[in-house]
Structure formats: structure tokens, C-alpha cells
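Q: The structure is given below, and queries will be raised subsequently.
There are 2 protein chains.
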Amino acid sequence: MHSLSKINLADTAVEAIRTEILGRRWAVGAKLPNEAALSAMLSVSRGTVREAVRVLVSQGYLETRQGSGTYVVSTADTVRPLGMARRAGLRDQFEARLALDVEAARLAALRQTPAVIAGLRALLAARGPYAENDKTDFIARDFAFHQAVIAASRNAVLIGMYDFFSTLIAETIEATLGQDLPEPDMAAHVAIVDAIESGDPDAADAAVRRFMAPVLSALDRLLMS
Amino acid sequence: MHSLSKINLADTAVEAIRTEILGRRWAVGAKLPNEAALSAMLSVSRGTVREAVRVLVSQGYLETRQGSGTYVVSTADTVRPLGMARRAGLRDQFEARLALDVEAARLAALRQTPAVIAGLRALLAARGPYAENDKTDFIARDFAFHQAVIAASRNAVLIGMYDFFSTLIAETIEATLGQDLPEPDMAAHVAIVDAIESGDPDAADAAVRRFMAPVLSALDRLLMS
DNA sequence: AGTCATAAAGTCATCAGATGACTTTATGAC
DNA sequence: GTCATAAAGTCATCTGATGACTTTATGACT
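Protein chains in written order, with the working numbering: chain A, 1 to 225; chain B, 1001 to 1225.
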């Protein structure tokens, strides 16, 4: 329970600047005071200001142009959403991933081609049934299949976010559950591909939800106990 | 089209370290070399190493403990997903937000209470019909309603991500479209609340999709031209 | 031997100053 | 009025130093 009492200067500077941006006091397109001025305003060294600014650049708020200055490029908060996701409960994380999964499957159905379907079936064949002895590899092959389903949506945003949530969920399970969740059988996997191939987004939607339902139930039981 | 030729040292350092983490060469829980060693390994100054490390801390990969060292805490890539979202097309952004919107509405239906429904209707009443003269305020009130719908899902991840995408989409429209998208009428808004109140997730799902369909069509027409 | 306070070493946090690279603005000749 | 050039402004990076905090080693004491 680390309260906010022990916070370092650079993070304080980040929050101070972020607050100015989110409060629209430095609007999009505006130029920030130079490093020396910020240093004086925040009463920290220039090095600390640079660390803070670089963090905000990496988060998409600012842009620095050597020789010119530092500018606000966006007020969209990229950090809170996924930072929040990191600290959220497993149930919330699953629900978010399911949202992406379902929408990706719908789009995949609308945009499916024979080549993509063939690729999915090939991945499913390579995945094979579960075997106790090569658990790590099996998980990797299984993940490759699911990634390919998302990729079939041809939506870069969904693809990127799905990757993030998958990794995050794996880590959260490792850290909090200490137990595996049930893995749907081959028939459930095939049903998703079939639904996408049919070109019917509602069918794809339903297939994914049927796929995930038992996993969510198992999760709820584990979180109860 | 800014190629990778002109990249600064700190970003290079960030990528170098991130690659090590993502490649599992520094596993979760592992301790990184100290700043002086990293400085030598990457052939950059300690200050530059600190900027890189702080970026990775802000992205959730690392954790620094004063007096102890720097440790890997996660391999989940938080920066690519939303960074990708930022550079993605408006269509992709809309589809991602729709995914969140639909799932949130489903959960809201499952978890609805009379108090929440009353709150939604109050927001809708306060929002009122569109009036040309107070466009800015109207948009704020409209956004407050939609936020409340998402909040009714009681899923922190969905709430955070929805905020992000809403801001992002607004900025992308401003930057690329230079034209507003059609705003669904009051009936469409009421339909969402009614569906949530009914407690039927499928109805809520459908209401949101009906709500968004004309907006997406208009977007496609604009992107075509 | 075991315990425990203390010292020492290791590491991050922060500051100060300096130089280089790049961009923007001002200057002045033509 | 145009345009090459100089000057000023600003970020990028390096070097060196000090402080704060944590971990480990030491050694006295029981």
C-alpha cells in the first residue's frame, strides 16, 4: 500500500505538465516554455524536466523538435486507460478482451477471403489437441491461432490491443490465480472459423461468445472461492 | 514520411531495452544492470539511460527502486497498442470504440439498477436536442451521457479505454475530416437506455449497433470521397 | 554458533555546467 | 524586395558530483 507520500520529482513534474495539458491550459498545437523555464517553474533541474517531457512524449501528449521547442500534439490520455487495465481485476480484463475478440470476429466474417480461412485452418491443424507434455509450445500455437483470427479483421487497433490484453491476462493469471483456466476444445475453435467463413458477422459474434462463456464461468468460480 | 534515419539516442536506448524485455532475455522479476553498466552497454550517457528507463517505467515494463535497482515487472506492450491506435485510420478507431461500446452496453444491461437508469435518463434530459448555437456545450453533454452508459458497465478497463478512443476520434476528425459526422437523434439515444433497462444484453447490443450504423455509413462516404 | 547493531558498498535521484546540433529569426548587402 | 548569412533560441547529449535509500558485509556481544 504505497501511498502518494513517497513520490519522486520527475513523476511530480510529469503530473504537473499533464495537468496543464488536460486542463487545456496548453492547447493542442501550443508551444511549451523551454526547458530552462520549465525547470524554474517546477523548481527542478533541467535533467528532471527532460525526463518528464520525454515520458509525456512517449505517451503521445507532446512532441519535441530540436532547435525549435516542445509542442502539445494531443490531449488523449494514453496512459490511464492501459495503466488502469494493468491494475484492474481479471474479470474486467477478460471482458475487455472479449469485446475486442467479438468485434474482430465480426469484421473478419465481413472481410474473409478463402486464403485467410485456409490460413486459419492450417494454424488450427498445426495447433493440434492439447498434450500435457508440451504445454508451453501448445499455448504458443494456440495463441498464434487466436492472433490470426484477430488479424483477419484487418483492423490495426484491434490487433494491437488484443495482443496487449492477452499478455496482460496471462501475467495476471500467473500472478493472482496460480491455476489454469479451461481451454475450449477443438470443436469450439473450428466453430469460430466456420462462422467467419460463412461471412455472417452475427454468427461469428455468437461463436466467439459461446467459445468464451465456459472460460468466464470457470473464472467466476475461481474468483468466488 | 519521417524514416528511421533520424532517431535520437534516448529513443534508441528505449527500443534496445524494450527489445531485451520483449525477447524475454530479461525476464519478469529480473534485475537490470545498473545505470552505469547500461550506459556503457548502449554507449550513451547515464542521463540518456535514465530518460530511457523512465519511459519504460511509465509504460509499465520496468520499476525502479532507489538504492536497489531497476526490475522488469511486465512484458505486456502498452505502448504499441495505443500508439498504433493513434496512427490508425478513423475507420479502425471507430470500430475499436464500437467494440467497447457494445460490450459496455451488454454489461450495463446485466448490471443495471433503477438508480443508474434514472441517472442516464436525467443526463439525456439535460442533454436536450441539438442546438446550433451552443455546439461545444452540447457535445460535452452528449459525451457525458455516453460516458455514463459505459460507466454503467462497471468495468474500469472499458471505461478508461472508451475515454481514450473518444478523445482520439475527436482529434482525428478535427485533423483529417474537417467536417462533422451525423449525430443520432434523441430516439436512438432513448433506445439504448430502454434496452439497458430491459436487462437484455442482446437488445442493448443491437441498440448500440443500430445507433452507430448511420454514423459509420456517413464516415465511409466521407472517406471515399 | 547465533543475533544484531553498525559500517560499507551498491544503486537510483537529482543537480549543475558545458558543448554540440538544429531551427528560427534578424540582419544587411544587393 | 530578395536572399544569403549571422545571430539567437532551443533541444540533445555528455561529464562530474552529491544526496538518499537499500542491500550486504562486518564484527562485537551473548
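The beta-carbon is built from N, C-alpha and C at its ideal position, and this holds for glycine as well.
When the Cβ atoms of the segment 132–139 of chain A are set against those of the segment 84–103 of chain A, are three or more pairs found closer than 8 Å?
A: With the cut-off at 8 Å, the segment 132–139 of chain A and the segment 84–103 of chain A do not touch.
Q: Thinking C-alpha only, which one of A:R209, A:P214, A:E197 and A:R25 is nearest Q112 of chain A?
A: Closest option to Q112 of chain A, Cα to Cα, is A:E197.
Q: Which value, in whole angstroms, describes the spacing of the CA atoms of I192 of chain A and V1049 of chain B?
A: Taking the straight line joining both Cα atoms gives about 46 Å.
Q: With the cut-off set at 9 Å, would you say F1138 of chain B and R80 of chain A are in Cβ contact?
A: Contact: no.
Q: Name, in chain order, the residues that DSSP records as bridge partners for K1031 of chain B.
A: Answer is B:Y1071, bridged to K1031 of chain B.
Q: With 16 as the cutoff for other CB atoms within 10 Å, does Q1059 of chain B come out buried or exposed?
A: Under this definition Q1059 of chain B is a buried residue.
Q: Any beta carbon of chain B sitting closer than 9 Å to that of R111 of chain A?
A: By this cut-off, R111 of chain A is not an interface position.
Q: Residues in its own chain within less than 7 Å of V1102 of chain B by CB, not counting five upstream and five downstream?
A: Excluding residues within five positions, the ones whose Cβ falls inside 7 Å are D1205, V1208 and R1209.
Q: Would you list, in sequence order, the uninterrupted alpha helix (DSSP H) runs of no fewer than 4 residues that lie entirely inside the segment 1045–1116 of chain B?
A: DSSP runs (the alpha helix (DSSP H)) wholly in the segment 1045–1116 of chain B: 1046–1058, 1079–1087 and 1090–1110.
Q: Please determine, among B:V1116, B:A1076 and B:I1021, the residue with the shortest C-alpha to C-alpha distance to S1153 of chain B.
A: Comparing Cα-Cα distances from S1153 of chain B to each of B:V1116, B:A1076 and B:I1021, the minimum goes to B:V1116.
Q: Below 9 Å between beta carbons: does that hold for S45 of chain A and R97 of chain A?
A: Not a contact, by the Cβ cut-off of 9 Å.
Q: For my contact list, T1172 of chain B and L1090 of chain B are in at a C-beta cut-off of 8 Å; report their separation, rounded to the angstrom.
A: T1172 of chain B to L1090 of chain B, Cβ: 5 Å. Contact.
Q: Within its chain, find whatever has a CB closer than 6 Å to the CB of E1035 of chain B; leave out the 5 residues flanking it on each side and keep chain order.
A: Cβ within range, chain order: R1046 and V1049.
Q: According to the neighbour-count rule (16 or more other Cβ atoms, all chains shown, within 10 Å of its Cβ), is P182 of chain A buried or exposed?
A: Exposed: under 16 other Cβ atoms inside 10 Å.
Q: Could you spell out the range, first to last residue, of the alpha helix (DSSP H) harbouring E171 of chain A?
A: Its alpha helix (DSSP H) spans residues A156 to T172.
Q: Just verifying my parser: in three-state terms, what is the DSSP assignment at I1007 of chain B?
A: Of the three classes helix, strand and coil, the one that applies to I1007 of chain B here is coil, per DSSP.
Q: Is the Cβ of T19 of chain A closer than 9 Å to any Cβ of chain B?
A: Closer than 9 Å: no.
Q: Can the beta-carbon of N1155 of chain B be found closer than 9 Å to that of L1107 of chain B?
A: Yes, these two residues count as a Cβ contact at 9 Å.
Q: What is the C-beta distance between L1032 of chain B and G1069 of chain B, in whole angstroms, given that I count them as a contact (C-beta under 8 Å)?
A: That pair is a contact at about 7 Å.
Q: According to DSSP, is E1197 of chain B helix, strand or coil?
A: The answer is helix: DSSP assigns E1197 of chain B an H, G or I state.
Q: Give a yes or no on whether the minimum CB-CB distance between V1014 of chain B and chain A is below 9 Å.
A: With 9 Å as the cut-off, V1014 of chain B counts as an interface residue toward chain A.
Q: Taking only beta-carbon positions, decide if L1123 of chain B is within less than 9 Å of chain A.
A: Taking Cβ atoms only, chain A never reaches closer than 9 Å to L1123 of chain B, which makes this a no.
Q: Compute the Euclidean distance between the alpha carbons of H1146 of chain B and V1190 of chain B, then round it to the nearest angstrom.
A: Cα-Cα distance, rounded: 12 Å.
Q: Quick check: what's the CA-CA separation for P1129 of chain B versus L1110 of chain B?
A: Roughly 28 Å between the two C-alpha positions.
Q: Look up S39 of chain A in the DSSP assignment and say whether it is helix, strand or coil.
A: If DSSP states are grouped into helix, strand and coil, S39 of chain A belongs with the helices.
Q: Tell me whether E183 of chain A sits in a helix, a strand or coil according to DSSP, three-state version.
A: Looking at E183 of chain A - three-state DSSP - the assignment turns out to be coil, as it is neither helix nor strand.
Q: Should G1023 of chain B and V1072 of chain B be called a contact, given that it needs their Cβ atoms to be closer than 9 Å?
A: Contact flag unset, no.
Q: For F164 of chain A, go through chain B and note every residue whose CB falls closer than 8 Å to its CB, in chain order.
A: Ordered by position in chain B, the residues that pass the 8 Å Cβ test against F164 of chain A are A1076, D1077, T1078, R1080 and P1081.
Q: Our contact map puts A1104 of chain B next to L1158 of chain B with C-beta atoms below 8 Å; I'd like the distance itself, whole angstroms only.
A: Contact flag correct, Cβ pair sits at about 5 Å.
Q: Suppose you measure from the CA of A1027 of chain B to the CA of Y1061 of chain B; what does that come to, to the nearest Å?
A: Those two C-alpha atoms are separated by around 11 Å.
Q: Below 8 Å on the Cβ atoms is my guess for T64 of chain A versus V53 of chain A; work out the distance and round it to an integer in Å.
A: That pair is a contact at about 7 Å.
Q: Please classify G228 of chain A: is it buried, with 16 or more other beta-carbons within 10 angstroms of its beta-carbon, or exposed?
A: Absent from the model: residue 228 of chain A. The displayed extent of chain A is 1 to 225, so no value can be given.
Q: Residues of chain B with CB under 7 Å from S198 of chain A, in chain order?
A: Per Cβ cutoff of 7 Å: no residues; S198 of chain A is ~19 Å from chain B at best.
Q: Between R1024 of chain B and chain A, is any beta-carbon pair separated by less than 9 Å?
A: Chain A contact via Cβ: absent.
Q: Which residues, taken in chain order from the segment 1043–1056 of chain B, show a beta carbon closer than 7 Å to some beta carbon of chain A?
A: Those would be G1047, R1050, E1051, R1054 and V1055, in chain order.
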